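What follows is one structure encoded as structure tokens, with my remarks underneath.
Here it is, written out as structure tokens:
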């Protein structure tokens with residue numbers, strides 16, 4: 245083929261340095277927020293300094309994790325929460341990491357349109373992220389997106405996670421307040437017991453409270469909590485709230501309870517403990533991600549150790565220590 | 245309370261240095277193998293050198309991964325394979341990492357007794373391991389247990405994994421030949437499609453072939469493979485074998501196919517590629533485990549970085565680079 249080649253990039257707006265973008269994020273620009281989150285998501289090295297600066301300017305937001313099995317109605321609850329929290333004067337941010345979320349395009353079109361109306365009417369910032377961490381848990385970029393919204397003045401910031409697998413429990417290391425959503429009729433015992441999800445709940449919400457089997461779900465949760473399953477020993481009495489996201493039933497009460505939980509965290513000293521745990525997990529997770537990335541990007545980097553291990557001249561433990569740059573430690577008893 | 249204190253350890257046999265144990269493993273002692281695997285499982289630093297030595301003496305075994313959803317009949321298949329492979333003159337090793345496996349005490353007593361008879365009659369070595377890796381996948385100790393059996397002359401060595409979650413796909417990085425087991429009537433589409441399990445199969449086995457709905461399961465697998473889902477482009481035509489582990493139906497054919505797959509790996513050069521991938525994954529996984537362990541064991545170690553991150557004076561990325569001992573890299577475009 246011949247002819248005049250028109251670069252597809254010819255009409256693209258000029259690339260804005262991340263440092264400039266960060267300034268605009270701090271000033272609250274929605275476009276800058278969206279672009280900065282995209283840079284975090286694509287892992288651009290150029291954006292690291294700006295993201296670091298935004299991290300240092302963050303730390304004011306109340307971070308809420310919302311989890312529960314697929315089908316429990318997480319996105320509908322988030323929608324209702326955006327409405328209720330916005331009505332209370334909050335500037336709400338949402339990061340949805342659930343690929344089945346309507347925010348991520350995973351649900352039927354009608355749902356998505358309704359969500360968009362809610363978002364537009366309330367000046368909330370909602371973003372879905374597809375990426376997952378190397379470590380099976382929350383991706384580094386998810387936490388960076390929370391930083392961006394935090395630095396831009398959003399609070400609370402809701403992380404909507406996919407309610408599947410052990411990884412789910414990791415939301416505890418990313419949120420101050422964990423809301424676990426259960427739906428009537430989805431197999432109450434299984435959905436609540438699974439993956440230790442009872443233990444991580446600060447607030448239990450039962451969706452579709454207008455359904456006839458909602459009280460049975462509430463009773464099942466109460467029963468399991470009476471067995472001691474749901475109680476973290478911080479003096480907080482984990483409430484169980486039946487709500488209807490569609491009719492708005494008890495949505496104000498849920499907002500109030502979320503606020504009360506934050507007050508409790510502050511008063512009990514638990515906030516500092518949680519933030520410490522969040523920071524610790526994040527530093528270690530970031531280190532492991534960086535470590536993996538170094539070897540993913542440069543196949544040559546571990547070639548000599550790899551050859552030695554393949555030839556059985558060296559064992560994987562010794563090779564790992566060389567990669568880490570550690571001296572071989574002396575054996576301990 | 246007063247009285248003569250009798251140490252509970254008084255009657256324990258003397259602790260044998262791991263180096264001596266390793267010698268006995270190489271000589272084939274079952275007791276030494278069991279003790280060495282226990283030391284790997286407990287992560288004793290004292291055993292590292294001996295385990296490294298056993299790794300260097302390993303590399304001869306054919307490693308077979310067996311996976312499939314819970315209830316597919318993995319343990320019964322393993323039992324039947326032990327019988328058939330032993331009859332063919334093989335010294336079979338099994339590491340079961342499925343907590344619901346009868347080998348791990350997860351099933352009803354009758355199952356377990358039957359397993360034990362099979363094991364005793366065939367001189368196979370079967371061990372269950374409860375530990376899971378920090379990274380959600382196969383634990384370091386699982387791979388070390390395979391080394392121990394390999395160095396002791398067992399081959400093939402079967403890893404029976406719990407067929408749940410994305411992690412399952414990691415068996416590809418630990419085994420030469422992956423057998424995926426499906427059972428009739430368990431929701432064929434879901435069990436096969438889930439977690440990309442079709443892509444990892446070198447051999448599909450359909451259990452309970454005497455059941456009336458077994459042909460439908462075979463047809464469903466064939467249909468999905470015709471769509472291109474199951475084909476790795478190495479010239480191997482992934483077979484689908486309906487078997488009955490109880491009656492022994494086609495068990496010899498399965499053993500033959502497993503052998504043919506190994507021949508194919510050798511002839512095509514795929515064996516070297518897989519072993520390279522296995523070693524690479526293992527080195528990086530070990531490094532991340534060692535890294536996490538260092539900070540789990542010594543809380544003080546990241547205290548100053550943690551404080552700086554909590555005070556928002558430093559971002560997690562910078563802290564991670566300090567922990568890794570890396571200079572901050574210059575930004576790239």
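Protein chains in written order, with the numbering used here: chain A, 245 to 577; chain B, 245 to 577.
The C-beta atom is built at its ideal place from N, Cα and C for all residues, glycine as well.
Every value quoted in this text rests on a predicted model; they were computed, and no experiment measured them.
{"Item": "Which residue from B:497, B:327, B:308 puts its Cα closest to that of residue 360 (chain B)?", "Value": "B:327"}
{"Item": "Decide yes or no for the touch test of the segment 492–503 of chain B against the segment 529–538 of chain A: beta carbon pairs closer than 8 Å, at least 3 of them.", "Value": "no"}
{"Item": "Could you give the distance in angstroms between the alpha-carbon of residue 334 (chain A) and the alpha-carbon of residue 483 (chain A)?", "Value": "23 Å"}
{"Item": "Taking three-plus beta-carbon pairs below 8 Å as touching, is the segment 553–573 of chain B in contact with the segment 305–325 of chain A?", "Value": "no"}
{"Item": "Would you report the Cα separation of residue 321 (chain A) and residue 293 (chain A), rounded to the nearest angstrom?", "Value": "35 Å"}
{"Item": "List the residues of chain B whose Cβ lies closer than 8 Å to the Cβ of residue 506 (chain A), in chain order.", "Value": "Near residue 506 (chain A) there are no residues of chain B at all, since even the closest Cβ is about 18 Å away, more than 8 Å."}
{"Item": "I need the DSSP call for residue 302 (chain B), collapsed to helix, strand or coil.", "Value": "coil"}
{"Item": "Looking only at its chain, what residues have a beta carbon closer than 6 Å to the beta carbon of residue 291 (chain A), apart from the 5 residues adjacent to it on each side?", "Value": "262, 283"}
{"Item": "Residue 286 (chain B) to residue 370 (chain B), Cα distance in whole Å?", "Value": "18 Å"}
{"Item": "Quick one: what does DSSP say residue 482 (chain A) is sitting in, helix, strand or coil?", "Value": "coil"}
{"Item": "Does DSSP put residue 561 (chain B) in a helix, in a strand, or in coil?", "Value": "helix"}
{"Item": "Distance check for residue 414 (chain B) and residue 382 (chain B), CA to CA, integer angstroms please.", "Value": "7 Å"}
{"Item": "Compare the C-beta of residue 406 (chain B) against all C-beta atoms of chain A and say whether one is closer than 7 Å.", "Value": "no"}
{"Item": "Among A:467, A:457, A:420, A:517, which residue has its Cα nearest to the Cα of residue 442 (chain A)?", "Value": "A:467"}
{"Item": "Might you give, ordered along the chain, the residues of its own chain that have their beta carbon closer than 8 Å to the beta carbon of residue 474 (chain B), omitting 5 neighbours on each side?", "Value": "In this prediction, residue 474 (chain B) has a pLDDT of 49, which is less than 50 and means its spatial position is unreliable; nothing more can be read from the coordinates."}
{"Item": "Do residue 269 (chain B) and residue 392 (chain B) have their C-beta atoms within less than 7 Å of each other?", "Value": "yes"}
{"Item": "In angstroms with no decimal places, state the Cα-to-Cα distance between residue 573 (chain A) and residue 501 (chain B).", "Value": "The predicted model places residue 573 (chain A) with a pLDDT of 48, which falls under 50 and marks its position as unreliable; any figure quoted below should be read in that light. Using only the alpha carbons, I get a separation of about 45 Å."}
{"Item": "Could you spell out the range, first to last residue, of the alpha helix (DSSP H) harbouring residue 267 (chain A)?", "Value": "262–270"}
{"Item": "Quick one, which of B:299, B:508, B:492 has its alpha-carbon nearest residue 454 (chain B)'s?", "Value": "B:492"}
{"Item": "For residue 508 (chain A), does the three-state DSSP call read helix, strand or coil?", "Value": "helix"}
{"Item": "Could you tell me how far apart the beta carbons of residue 546 (chain A) and residue 520 (chain B) are, in whole angstroms, since I believe they sit closer than 8 Å?", "Value": "Not quite, the Cβ-Cβ distance comes to about 11 Å (not below 8 Å), so this is no contact."}
{"Item": "In angstroms with no decimal places, state the Cα-to-Cα distance between residue 458 (chain A) and residue 316 (chain A).", "Value": "12 Å"}
{"Item": "Could you tell me which uninterrupted alpha helix (DSSP H) segments, each at least 4 residues in length, are contained entirely in the segment 490–558 of chain B, listed from first to last along the chain?", "Value": "495–512, 514–541, 547–554"}
{"Item": "For the segment 522–543 of chain B, list every residue whose C-beta sits within 7 Å of some C-beta in chain A, in sequence order.", "Value": "523, 524, 526, 527, 528, 530, 531, 532, 534, 535, 536, 539"}
{"Item": "For chain B, find out if any of its Cβ atoms is closer than 7 Å to the Cβ of residue 556 (chain A); answer yes or no.", "Value": "yes"}
{"Item": "Terminal residues of the continuous alpha helix (DSSP H) containing residue 453 (chain A)?", "Value": "Run containing residue 453 (chain A): none; DSSP gives neither H nor E here."}
{"Item": "Within 10 Å of its beta-carbon, does residue 274 (chain B) have 16 or more other beta-carbons around it, so buried, or fewer, so exposed?", "Value": "exposed"}
{"Item": "Taking just the CA atoms, how far does residue 508 (chain A) sit from residue 480 (chain A)?", "Value": "7 Å"}
{"Item": "Give the residues of chain A in contact with residue 264 (chain B), contact being defined as C-beta atoms less than 8 Å apart.", "Value": "Going along chain A, no residue has its Cβ under 8 Å from residue 264 (chain B), so there is no contact; the nearest lies around 14 Å."}
{"Item": "Just to confirm before moving on: does the CB-CB distance between residue 277 (chain B) and residue 396 (chain B) stay below 7 Å?", "Value": "yes"}
{"Item": "Run through chain B and tell me which residues come within less than 7 Å of residue 515 (chain A), C-beta to C-beta.", "Value": "Those within 7 Å of residue 515 (chain A) in chain B number zero; the least Cβ separation is about 11 Å."}
{"Item": "In whole angstroms, what separates the C-alpha of residue 616 (chain A) from that of residue 524 (chain A)?", "Value": "There is simply no residue 616 (chain A) to check, as chain A begins at 245 and stops at 577 in what is shown."}
{"Item": "Straight-line CA distance for residue 516 (chain A) to residue 510 (chain A)?", "Value": "8 Å"}
{"Item": "In terms of residue numbering, what span does the alpha helix (DSSP H) encompassing residue 421 (chain B) cover?", "Value": "Not the alpha helix (DSSP H): residue 421 (chain B) falls in the beta strand (DSSP E), residues 421–426."}
{"Item": "Going by DSSP in three states, residue 392 (chain A) sits in which element: helix, strand or coil?", "Value": "helix"}
{"Item": "Among the candidates A:527, A:330, A:399, whose CA atom is the shortest distance from the CA of residue 506 (chain A)?", "Value": "A:399"}
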